[in-house]
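Take a look at the structure below.
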Amino acid sequence: VIKHISGGNILGYKEDNSLDLSKSLIKKQEKRNFKGYYCQTAQEALELALSLIPSGASVTHGGSESIKEIGLLDAVKNGDYQYIDRSLAKTAQEKREVVAQGVLAHTFITGTNAITMDGELVNVDGISNRVALMCFGPEQVIVIAGINKVVANSDAGVYRAQNIAAPVNAIRLSAKTPCYDTGNCAQCHADDCMCANIVITRHSRVADRIKVILVGENIGY
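Each step along the sequence shown adds one to the number in our numbering, with nothing skipped, and position 201 is 201.
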C-alpha cells in the first residue's frame with residue numbers, strides 16, 4: 001500500500017522502523033513546502049512516481065542510480081512522455097543545450113545524496129546540472145530516496161555525500177579524483193571533482209514543487 005503521511009537512515013537505523021521514522025521526517029518536510037510520501041517498497045515508489053507525472057509531460061533527470069534501481073528511468077524513457085534524452089548529446093555544447101531544455105521541463109526526476117532528520121536535502125555535484133534543476137526550472141521535482149539516505153544533520157549529509165556517494169560514483173564514472181583511489185574525500189580541486197557544488201535545499205518557495213518519496217529499502221549510493 002502506498003502511504004502519504006502528513007506527518008533516514010540515520011546511519012545504522014533499521015529498515016523495520018522506517019515507517020515510524022518517515023512520520024516525523026515528512027511532517028518536517030511539509031513545513032519546508034515539500035510534499036512528502038512514504039513507500040514501503042521500490043515497486044510502490046515506482047508506481048507512485050509515475051502517478052505524479054501527467055501523460056505527455058516533458059521529463060528530464062539528473063545522474064541518479066536510485067531512479068534506475070526502481071525502474072523509473074526506464075519507465076519514463078519508454079512511456080507516454082516527452083523524454084529529454086541527455087545521452088544523445090555528443091559535444092559539450094549539445095550537452096549544455098539539452099540541460100537548458102530541462103529548465104523548462106514539466107518534471108525533473110532525481111535522487112538525493114542525503115536527507116537530514118530535519119527534512120533538508122543535501123547534495124554534492126560535479127557538473128552541477130542536477131542541483132541546478134533541483135533549485136530552479138522544472139515545474140515539479142520528484143526525489144527518490146532510500147531509507148539509507150537519512151542522516152542526523154546537514155554536516156552528516158555532506159560527509160555522506162563526499163565519503164560514501166562520491167567515491168562510488170567516481171569509480172562508476174572513471175573520474176580522476178583522489179576519492180577514486182582512496183575511497184575518502186580529500187577536499188580536492190581535481191578537474192573531475194565530484195563535489196564542485198554543495199547544495200542544501202532547506203525550503204521550496206513554490207509549495208509542493210519538490211516531492212520526496214522516501215522508500216523503506218536501501219536504494220542508491
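Backbone N, C-alpha and C define an ideal beta-carbon position, used for all residues, glycine too.
The ligand ADP and Glu139: does the residue's C-beta get closer than 7 Å to at least one heavy atom of that ligand? The ligand ADP is not among the ligands present in this structure, which contains no ligands whatsoever.
In terms of residue numbering, what span does the beta strand (DSSP E) encompassing Tyr229 cover? Past the boundaries of the shown model lies residue 229; the chain is included only from 1 to 221, so the question cannot be answered.
Ile144 to Ser66, Cα distance in whole Å? Roughly 6 Å separates the two Cα atoms.
Taking all protein chains shown into account, do 16 or more other C-beta atoms lie within 10 angstroms of the C-beta of Asp85, making it buried, or fewer, making it exposed? Looking at its Cβ environment, which holds fewer than 16 other Cβ atoms inside 10 Å, Asp85 is exposed.
Pull up the distance between the alpha-carbon of Gln43 and that of Val158, whole angstroms please. As the crow flies, the alpha-carbon of Gln43 is around 28 Å from that of Val158.
Excluding sequence positions up to five away, which residues of its chain have a Cβ less than 7 Å from the Cβ of Ala165? Hits under 7 Å: Asn113 and Tyr221.
My assumption, with CB atoms under 8 Å, is that Thr110 sits in contact with Arg130. Please give the rounded CB distance. Right, their Cβ atoms sit about 6 Å apart.
Distance CB(Val150)-CB(Leu50) smaller than 8 Å: Judged by their CB atoms, Val150 and Leu50 are not nearer to each other than the 8 Å cut-off.
Using a Cβ-Cβ cutoff of less than 7 Å, which residues in the same chain neighbour Ser204 once the five nearest sequence positions on both sides are dropped? Beyond the five residues adjoining it in sequence on each side, Ser204 comes within less than 7 Å, by CB distance, of Arg32, Asn33, Phe34 and Ile210 in the same chain, given in chain order.
Could you please give the first and the last residue of the uninterrupted alpha helix (DSSP H) stretch that includes Val131? For Val131, the enclosing alpha helix (DSSP H) begins and ends at Asn129 to Cys135.
Status (buried if at least 16 other CB within 10 Å, exposed otherwise) for His189: Under this definition His189 is an exposed residue.
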